[in-house]
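Be aware that the sequence shown starts at 774, since it is given in the working numbering, and climbs by one per residue.
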Amino acid sequence: MASRPDLSITGVMTRSPREITRVLERVRAQATLVTAFLAGGEATFQSLLRVVDSAAGRIVLERSPVEAANSALLSRQRCAFQSELTGWRVEFVAADPREVVHEGTRAIELRFPEVLVSHQRRQHPRALDPQLPLLCVADAGGITPFDASIVDMSVAGIGFLVYSADIILEPGTMLKGCRMELPDGIAGAVDLEVRYSQPVTLADGRRAMRSGCRFVNPSPEALELLRRYLGGEA
């Protein structure tokens, strides 16, 4: 019997303006902080949602109390934001930030998000272990390959660490021909769709990014590798 997808890894992605509005209105109504990690995780923008308007194609955020964070956000063409609702983490991407005045107060307006991912928070988060013996060359069949260590896997997808915190993976990004290999030489390539990313700090103090990804049409070789890794559960 196949395992149920682990939504703490793959999440649920939507491009529906109606559904994106529903989730973001909850974030706004609950006055939940919206966070963006900028400059490779070295700068953090935190604020509150003030307007969610899909008809006008915009959202409005309060300015951060940290001016450097406002400047860092306004210097970008697009940015991934995160927020939390009970038991869920929400991530969305918005573009074209600009300064506006909203109800007499300076604010930041962005285009209405094109994609939003919600994923369940684990009750008992697993420890991050960069020494796991499963490595991955992400986007090996694409245009920007990079090395990553897989720290989590299910029948639905994987969670991996990117050792360069400068690499930005937005929800919906497709990583082509990602090559995974076990110590016994079993290897497989698979396309991955990024669902969410978040900065983490490793035990030795290094900064990295963790991303959850969904398998896209895995090859027989990748499925065999998955079965080996999961002990025959796939």
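Where is the CB? At the ideal position from N, CA and C, for every residue including glycine.
Keep in mind the model is a prediction, meaning the values are calculated, not measured.
Does the Cβ of residue i have 16 or more other Cβ atoms within 10 Å, making it buried, or fewer, making it exposed?
{"i": "Asp912", "result": "buried"}
{"i": "Arg879", "result": "exposed"}
{"i": "Ala981", "result": "buried"}
{"i": "Thr794", "result": "buried"}
{"i": "Ser820", "result": "buried"}
{"i": "Gly769", "result": "Residue coverage of the chain in this structure runs from 774 to 1007, which leaves residue 769 outside it and unanswerable."}
{"i": "Ser937", "result": "exposed"}
Any idea what DSSP makes of residue i, helix, strand or coil?
{"i": "Ser992", "result": "coil"}
{"i": "Arg849", "result": "coil"}
{"i": "Ala867", "result": "strand"}
{"i": "Glu997", "result": "helix"}
{"i": "Glu857", "result": "strand"}
{"i": "Ile940", "result": "coil"}
{"i": "Gly830", "result": "coil"}
{"i": "Glu882", "result": "strand"}
{"i": "Leu965", "result": "strand"}
{"i": "Gly877", "result": "coil"}
Over the uninterrupted alpha helix (DSSP H) stretch that includes residue i, give me the two end residues.
{"i": "Leu797", "result": "790 to 802"}
Rounded to the nearest angstrom, what separates residue i and residue j at their Cα positions?
{"i": "Leu996", "j": "Gly961", "result": "8 Å"}
{"i": "Leu908", "j": "Gly932", "result": "11 Å"}
{"i": "Arg884", "j": "Arg987", "result": "26 Å"}
{"i": "Ala853", "j": "Thr946", "result": "12 Å"}
{"i": "Val963", "j": "Glu876", "result": "49 Å"}
{"i": "Val874", "j": "Leu975", "result": "40 Å"}
{"i": "Leu846", "j": "Arg952", "result": "34 Å"}
{"i": "Glu887", "j": "Pro870", "result": "14 Å"}
{"i": "Asp977", "j": "Val935", "result": "15 Å"}
{"i": "Glu792", "j": "Thr859", "result": "17 Å"}
{"i": "Arg979", "j": "Ala828", "result": "43 Å"}
Give a yes or no on whether 8 Å exceeds the smallest Cβ distance from residue i to chain B.
{"i": "Glu997", "result": "Any reference to chain B falls outside this structure, which holds one protein chain only."}
List the endpoints of the continuous beta strand (DSSP E) containing residue i.
{"i": "Val839", "result": "Premise fails: Val839 is in no beta strand (DSSP E) and is neither H nor E."}
{"i": "Leu907", "result": "Neither: Leu907 is in no beta strand (DSSP E) and is coded neither H nor E."}
{"i": "Asp826", "result": "822 to 826"}
{"i": "Thr946", "result": "Where Thr946 is concerned, there is no enclosing beta strand (DSSP E), given that its DSSP letter is neither H nor E."}
{"i": "Ser922", "result": "919 to 926"}
{"i": "Leu955", "result": "From DSSP, Leu955 is part of no beta strand (DSSP E); its letter is neither H nor E."}
Taking one C-beta from the stretch 841 to 855 and one from the stretch 803 to 811 each time, how about it: are there three or more such pairs within less than 8 Å?
-> yes
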